[in-house]
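Notes follow the structure.
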Amino acid sequence: MSINDLQLNSARKPGTGDLTAAINNNYIISNFEGQPTIFTTNGKEVALYATYPHSSTVSFCIQLNFSANIKQGRYEFHPNNLPVPPSFSYTEGGHTKGYNSDKGAGHLEISEFDINEGTFKASFNFTFTDFDTNRRHQVVGNIDVSDLEHIEE
Numbered sequence: 016m017s018i019n020d021l022q023l024n025s026a027r028k029p030g031t032g033d034l035t036a037a038i039n040n041n042y043i044i045s046n047f048e049g050q051p052t053i054f055t056t057n058g059k060e061v062a063l064y065a066t067y068p069h070s071s072t073v074s075f076c077i078q079l080n081f082s083a084n085i086k087q088g089r090y091e092f093h094p095n096n097l098p099v100p101p102s103f104s105y106t107e108g109g110h111t112k113g114y115n116s117d118k119g120a121g122h123l124e125i126s127e128f129d130i131n132e133g134t135f136k137a138s139f140n141f142t143f144t145d146f147d148t149n150r151r152h153q154v155v156g157n158i159d160v161s162d163l164e165h166i167e168e
């Protein structure tokens, strides 16, 4: 069972730490300053959702899924393998726009991942296209999160 098939939003505790990123090419925001709202594993995959509440009605989210067996090193994002390219979303007043990463654009470089200790440190780079403006936006950032939650399938 994929981790996406689990009820990730129901009664899950958030992780702790930060996911920060710079977003280029005049996007709505130039800096993402998020905290993990979901950092969980089913023993096969890990799901990390980080949310940046920009205002009382506007928020942004970066979602990343990767193998629970991933090791330190650099991984190119590929749509058919883990780690899959991140997704980026923008929510305003209850309406969410989701953006998929451009195929073959980006990587994840892991400096630390310990599934037992529940820690994850990495840098990343991906690009998404805003379908309203047709502008491509590169997202370059760092992850330093802990308190990975283990869930049963």
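Heads up, the sequence shown is in the working numbering, so the first residue is 16 and it goes up one at a time. By construction, the Cβ of each residue, glycine as well, lies at the ideal position given by its N, Cα and C atoms. The structure displayed is predicted, hence computed values, not measured ones.
Where residue i falls, given that 16 or more other Cβ within 10 Å makes a residue buried
i      : result
THR5   : Residue numbering for the chain in the displayed model covers 16 to 168; residue 5 lies beyond these limits and cannot be assessed.
HIS152 : buried
SER71  : exposed
PRO94  : exposed
THR142 : buried
GLY30  : buried
GLY49  : buried
Distance CB(residue i)-CB(residue j) smaller than 9 Å
i      : j      : result
ILE77  : GLY156 : yes
GLY121 : PHE146 : no
Own chain partners of residue i with C-beta closer than 8 Å, once the 5 adjacent residues on each side are dropped
i     : result
ASN41 : ARG150
HIS69 : ILE44 and PHE75
GLY88 : GLU124 and ILE125
Cut-off 6 Å between Cβ atoms - residues of its own chain near residue i, not counting five sequence neighbours on either side
i      : result
THR111 : SER104
LYS59  : ALA83
THR214 : As shown, the chain starts at 16 and ends at 168. That puts residue 214 outside it, with no answer to give.
VAL160 : GLY30, GLY32, PRO51, PHE54 and PHE135
Same chain, Cβ closer than 7 Å to residue i, neighbours up to 5 away in sequence not counted
i     : result
ASN39 : HIS152 and GLN153
Presumed contact (8 Å Cβ cut-off) between residue i and residue j, rounded CB distance
i      : j      : result
PHE128 : PHE135 : 5 Å
According to DSSP, residues forming a beta bridge with residue i
i      : result
PHE112 : A small correction: the amino acid at residue 112 is Lys; Phe does not occupy that position in the sequence shown. Paired residues: TYR105.
ASP129 : THR134
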